[in-house]
Amino acid sequence: LSAIGHGSHVNVATGLYDVANGETFPLDVRHRYGVQILGAGRDTTIVDANTANQRCLGMSCNYPDANVRGLAFTRGRMTAGGSLGAGLYLAHMQGMVADCAMSNNVILTGGWGAPGGAGLAGALCDAVVSNCVVQGNTAQSWYAESCQAAGIWAYNLGAIINCEIVSNTAYSTGDGSWHPSSYGGGLYLSGNHTVRNCLVAGNDAKSTAETSPHGDAAYVAGGTVLFECCTIVANHPAAHPQRGSASTEG
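According to the working numbering, the stretch in the sequence shown is residues 2 to 251, in order.
Next comes the structure, spelled out in structure tokens:
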């Protein structure tokens, strides 16, 4: 993917794309406009980064009209401090992510910098994420850093529409003297966003430090965030001290 040109349309056939079948991770597309990566369907076109200890796919400085569609991103794994987006990472991207799945991705960090968005992370984008499933992702921090959502981490990402953000777990096991915590099990949102017609369910924010976690479903760190016609239900499945299914600051 690093060699594709401007305006390229990459059609990805049904299949499993992993290390055993010759893929090298992370897959990365940078500084290309109009790039479209089109799978045959998220149930049949699977990008699996298992054993690579890397994210599945990164899209950076792709504008305008980028498109990622019909793919599953699974078993990305990152361990560096401040890691974001083990399944899919977007930065300065204008376009759409549609009909994709980000599942069973993991961020486990012990260095400086808060990790977040094991399933999907996006920063400074003009993007629409639609009809996607973000499920079963885990983000964990320890020592001094807090954890910022396991499902989706977003800083001025754009719109999240008709998505399922379910069964993601953010976990802080840091030293209590540093007061780390978990902020949002399903979503961590900072900046301006619209979240519309989404299911946010079964997510969990946990902390073993002295500080209680914030927002099992979602944490809004600042900016203007509009939730429209969403179902936010059955988050925080296990009993632990916490501050709200949805929590806001600023």
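Quick reminder that beta carbons are idealized off the backbone N, C-alpha and C, glycines included.
Cβ shell of residue i (< 6 Å), same chain only, five flanking positions each side left out
i	result
L125	H93, N157
G6	none
M318	Residue 318 is absent from the structure shown; the chain starts at 2 and stops at 251.
A21	none
G77	A50, R56, C57, A87, G88, N106
N169	N138, A151, G152, G186, G187, N204
S131	A99, I162, N163
A66	Rather than Ala, the amino acid found at residue 66 in this sequence is Asp. Counting only Cβ-Cβ distances below 6 Å, and skipping sequence neighbours, we find G35, G96.
C133	C101, C164
Bounding residues of the beta strand (DSSP E) (the contiguous stretch that carries residue i)
i	result
H10	10-13
A62	For clarity, residue 62 is Cys in the given sequence; the question names Ala instead. That run of the beta strand (DSSP E) goes 58-70.
S84	Run containing S84: none; DSSP gives neither H nor E here.
F26	First-last for F26: undefined, no H or E at that position.
W125	Reading off the sequence shown, one finds Leu at residue 125, where the question assumed Trp. Note, L125: premise wrong, no beta strand (DSSP E); not H, not E.
R197	194-197
I162	159-162
I153	153-156
Alpha-carbon spacing of residue i relative to residue j, whole angstroms
i	j	result
T139	A151	5 Å
V36	L91	13 Å
P214	G223	17 Å
N12	L39	5 Å
A235	K207	15 Å
P27	E229	34 Å
P242	I153	Confidence at P242 is low in this model, with a pLDDT of 42, below 50, so the placement of that residue is unreliable and no value is reported for it.
A53	E24	10 Å
Y220	G8	36 Å
R197	C101	17 Å
V69	M60	9 Å
W113	R43	34 Å
C148	H10	36 Å
L72	D19	13 Å
Y189	G118	8 Å
L85	G123	8 Å
T209	D29	35 Å
A171	M79	14 Å
L2	G216	37 Å
V167	I108	17 Å
Candidates the options: closest to residue i by CA position
i	options	result
C199	E165, M79, S61	E165
L17	G40, V134, D49, G117	D49
E146	G159, A81, I161	A81
N116	S182, Q95, C133	Note that residue 116 is Pro in the sequence shown, not Asn. The candidate whose alpha carbon is nearest that of P116 is S182.
T110	Q141, Y184, D66	Q141
V129	G159, I108, G118	G159
Beta-bridge pairing of residue i - partner residues as DSSP gives them
i	result
T148	The sequence as given places Cys at residue 148; Thr does not occur at that position. For C148, which the question treats as bridged, DSSP gives the partners S183.
W113	Beta-bridge pairing links W113 to no other residue.
V48	Y18, F74
T139	V107, T170
D205	T170
G40	V13
7 Å Cβ shell around residue i - same chain, five flanking residues per side excluded
i	result
T15	A41, T45, T46
Cutoff 8 Å; reference residue i; Cβ partners in own chain excluding five residues on either side
i	result
S191	A155, Y156, N157, V221, A222, G223, G224
Y1	There is simply no residue 1 to check, as the chain begins at 2 and stops at 251 in what is shown.
C231	V196, R197, N198, C199, L200, V201
N193	N157, G224, T225, V226
Min CB distance residue i to chain C below 8 Å
i	result
A73	In summary, chain C is missing from the structure at hand, where a single protein chain is found.
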